[in-house]
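>
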Amino acid sequence: MKPKSGNRFRVCGTPSRTGCITCKIRRVKCGEEKPCCKRCTSTGRKCDGYAPVKPSDGSRKSPSSPVKYSPPNPNLDPAEQRLLYFFRTFTAPKLSGYFSPDFWERRVIHATDFEPAIRHAAIAIAAVHQDYIAWQQSKLYDPSIQSFAFRQYTKAISYLYQLMSTQTQHLDITLTACILFISFDCLLGNHESAIIHLKSGLKILEDIKMKKVPGGSSAHEWEREFSPLLLSLGIQAASFANPRQRVDRLALWVALKNAGLPAQPTRFYSLDEARHALDTLTADITVDRTAAADRTMDRQCPSPRSNEGHRHIAAMQAWSETFEIFLLESMPENRTMITKHDLGASLLKLHSLVFSIVIEAPEHSHKRFDEVLAHCEFLIAAKINSPFPNENLNFTATMGLIAPLFFTVMRSPSRAIQQRAIDLLSRSPGREGTWDGDDALRIAGETAEAGYYQEFENPFYSVSGSMSPQSEVGMKNFMEDRMIWPFGEKYHPELSHRASMDEVSFSLDIQPNLDWIPFPNPPVRSNTV
């Protein structure tokens, strides 16, 4: 009989959790030889060794463990059971988006089996999701579904209060519920309520950091797990905070900044780490710009040519360089199809481009709008060509495509770019947190019809009032006082820039610019909307 090889190679299944750091980043199977694996050394790569093995804890189930669905809960009525199944099957994957499924598809689904507060909050979000799909398909509004969702939301809050009244600390359940409540409120445009829940979650994180709550190492694990989620949700919710309440608004952004990373990492190991770093940078810049505007009392934000402006630009460039290195190192060999990882990377690059446009000098930033639209085209093409039903209908609690496209319409340097953004917005229906695609498209169309677009020779940096994209307001009021993502700022468009809608066709034959994709045969966007 042939003797067993002394070398251990994994020939099937998922990559080993005990593989070397380099193979994990590259997402390839590791031979696990010590001290350097042959997979790296045979190809001339440097093996970065192995991460320390964490001690196992059999008494505590990891939220990343596969979830086994329990049989229907007899305490739920048929509608609740149906929507809980809908949440587990459809809503949770949508809310995870292109990033880690650990929270929505593992922790939340697992908690719905034993925690009523989480269960009813999940049902409420599923009702909103199902109602939105029905509206997109038939344009018929059923007020009873939203009433049902609010009853479930109220039940969830009541159960959470009961849980918090006990002597035992349940910080993980409380933080999970906070995130679900914020998501529910954002998806319905209830900004004030979302901010109340956001402040509660941030206060718990602050207490954990200051060691004001029991829990030991578990509490700090919860801090590491929940901080990125609260920060990501909080950035968009805080963008709609009332600007007239300057002190409260700045305090909220400072709390978000404290929920971020203490320092920008020099290396990323996952898309989620890169997103957390970008969100941290967003909070840092917003605090600086808001504080600077408050100090001068003239609502003026730092000029890109100021010392603070240079520091912001350098920080964003550093993030971009670190992210590019991560993408090169994490690229699988011989890839022939676009993955969820590629789509998540494109979305992060898209958001970073918008941030750069805001903080850079106009003569440099206006060139980035073509890159913004290229990433939007790529993401929309991938959704349109998906074989899964309703894949093109976005439904997520965090920022996606709608806000960057709306921003581009409002700040575009030319009529042609503005019209391309409107065309893409019409191809990207959905609800992304506080942003609704239909409302954004309607307002964008009215803006273009009025002939508004940005003149970059005379930039105006200011801190704005807030406005919900879902509010039914006139264009006049909207233009007088609106929030422009991402830093809660607005500009005053020059009314002299007017153009006829006939200058550029509404439906442009746009082919995605996918040159940045490092493999052949990228998907081509369908012309069918």
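The sequence shown begins at 330 in the numbering used here and counts up by one. Note that the Cβ used here is the ideal one computed from N, Cα and C, for glycine as well.
1. Which one or two residues does DSSP pair with residue 760 in a beta bridge?
2. Name the two residues that bound the continuous alpha helix (DSSP H) containing residue 738.
3. Mind checking residue 614: buried by the 16 CB within 10 Å criterion, or exposed?
4. Rounded to the nearest angstrom, what separates residue 776 and residue 705 at their Cα positions?
5. Assign residue 852 to one of three DSSP states: helix, strand, or coil.
6. Find the nearest neighbour of residue 470 within the set 477, 461 and 478, judged by alpha-carbon distance.
7. Cα-Cα, which of 700, 639 and 554 is closest to residue 676?
8. Counting only runs that start and end within the segment 605 to 687, where is the alpha helix (DSSP H) found for 4 or more residues in a row?
9. Can you tell me the Cα-Cα spacing of residue 612 and residue 446, whole angstroms?
10. Using the beta-carbon count (16 or more within 10 Å), is residue 553 buried or exposed?
11. One question on the structure: do residue 412 and residue 440 come within less than 7 Å of each other, judged by their Cβ atoms?
12. Residues in its own chain within less than 7 Å of residue 685 by CB, not counting five upstream and five downstream?
13. According to DSSP, is residue 443 part of a helix, a strand, or is it coil?
14. Please classify residue 761: is it buried, with 16 or more other beta-carbons within 10 angstroms of its beta-carbon, or exposed?
15. What do you get for residue 568, buried or exposed, if any count of 16 or more other CB atoms within 10 angstroms of its CB means buried?
16. Could you round the C-beta distance between residue 481 and residue 449 to whole angstroms and report it? I think they count as a contact, below 8 Å.
17. Taking the alpha-carbon of residue 453 as reference, which of 587, 477 and 703 has the nearest alpha-carbon?
18. Near residue 558, what residues of its chain come up, given a Cβ to Cβ distance below 8 Å and the 5 sequence neighbours on each side ignored?
19. Applying the 10 Å Cβ sphere with the 16-neighbour rule, what's the burial state of residue 710?
20. For residue 657, which of 671, 665 and 437 has the nearest alpha-carbon?
21. Is the segment 728 to 739 in contact with the segment 750 to 758, if contact means three or more CB pairs nearer than 8 Å?
22. Quick check on the burial criterion: 16 or more other C-beta atoms within 10 angstroms. Buried or exposed for residue 588?
23. As a quick exercise: from 666, 427 and 683, pick the residue whose alpha carbon is nearest that of residue 649.
24. So, residue 297 versus residue 423, is the Cβ gap smaller than 7 Å?
25. Alpha helix (DSSP H) containing residue 702: first to last residue?
26. Could you tell me which of 773, 772 and 726 sits nearest to residue 520, measuring between CA atoms?
27. Thinking just about the alpha-carbon of each residue, which of 582, 468 and 600 is nearest to the one in residue 425?
28. To the nearest angstrom, how far is the alpha carbon of residue 417 from that of residue 479?
29. Which runs of the alpha helix (DSSP H) at least 4 residues long sit entirely within the segment 456 to 493? Give them in chain order.
30. Taking 7 Å as the threshold (C-beta atoms), are residue 763 and residue 565 in contact?
31. Pull up the distance between the alpha-carbon of residue 772 and that of residue 534, whole angstroms please.
32. Straight-line CA distance for residue 770 to residue 464?
33. Grouping DSSP H, G and I as helix and E and B as strand, with all else coil, what is residue 422?
34. Figure out for me which residue from 755, 473 and 659 has the closest Cα to the Cα of residue 352.
35. In the DSSP assignment, the alpha helix (DSSP H) including residue 587 goes from what residue to what residue?
Looking at the atomic coordinates:
1. 724 and 765.
2. Start and end: 731 to 740.
3. Classification of residue 614: buried, given that the 10 Å Cβ count is 16 or more.
4. Straight-line spacing of the CA atoms in residue 776 and residue 705 works out to 20 Å.
5. Bear in mind that the predicted position of residue 852 carries a pLDDT of just 40, short of 50, making it unreliable; the figure below should be weighed with that in mind. Assignment of residue 852 by DSSP, reduced to helix, strand and coil, places it in the coil class.
6. Of the listed residues, the one whose Cα sits closest to residue 470 is 461.
7. Put simply, of 700, 639 and 554 the residue whose alpha carbon is nearest the alpha carbon of residue 676 is 700.
8. For the segment 605 to 687, whole alpha helix (DSSP H) runs of length 4 or above, ordered along the chain, are 636 to 658.
9. For the pair residue 612 and residue 446, the Cα-to-Cα distance works out to about 30 Å.
10. Residue burial annotation: residue 553 is exposed, with fewer than 16 other C-beta atoms found within 10 angstroms of its C-beta.
11. No, they are not a contact pair.
12. The answer, listed in chain order, is 645, 694 and 697.
13. In the structure shown, residue 443 sits in coil (DSSP, three-state: anything other than H, G, I, E or B).
14. Counting of Cβ neighbours within 10 angstroms places residue 761 among the buried residues, the total reaching 16 or more.
15. In this structure residue 568 is buried. Its beta-carbon is surrounded by 16 or more other beta-carbon atoms within 10 angstroms.
16. Their Cβ separation, rounded to whole angstroms, is 5 Å, which keeps residue 481 and residue 449 in contact under 8 Å.
17. The shortest C-alpha separation from residue 453 is found at 477.
18. Excluding residues within five positions, the ones whose Cβ falls inside 8 Å are 432 and 508.
19. Around the C-beta of residue 710, 16 or more other C-beta atoms lie within 10 Å, and the residue is accordingly described as buried.
20. The candidate whose alpha carbon is nearest that of residue 657 is 671.
21. Touching, yes, given that three or more Cβ pairs across the two stretches are closer than 8 Å.
22. Answer is buried; the Cβ neighbour count reaches 16.
23. Of the residues 666, 427 and 683, the one whose Cα lies closest to the Cα of residue 649 is 683.
24. The question about residue 297 has no answer, for the chain in this structure spans 330 to 858.
25. Per DSSP, residue 702 belongs to the alpha helix (DSSP H) from 698 to 713.
26. Answer by Cα proximity: 726.
27. Residue 600 holds the alpha-carbon nearest to the alpha-carbon of residue 425 among 582, 468 and 600.
28. Approximately 19 Å between the Cα atoms of the pair.
29. Note on the segment 456 to 493: whole alpha helix (DSSP H) runs with a minimum of 4 residues are 472 to 493, in chain order.
30. The answer is yes: Cβ separation under 7 Å.
31. Answer to the nearest angstrom: the Cα atoms are 37 Å apart.
32. Approximately 16 Å, taken between the alpha carbons.
33. Three-state DSSP puts residue 422 in a helix.
34. Ranking the options by Cα distance to residue 352, first place goes to 659.
35. Where residue 587 is concerned, the enclosing alpha helix (DSSP H) starts and stops at 575 to 587.
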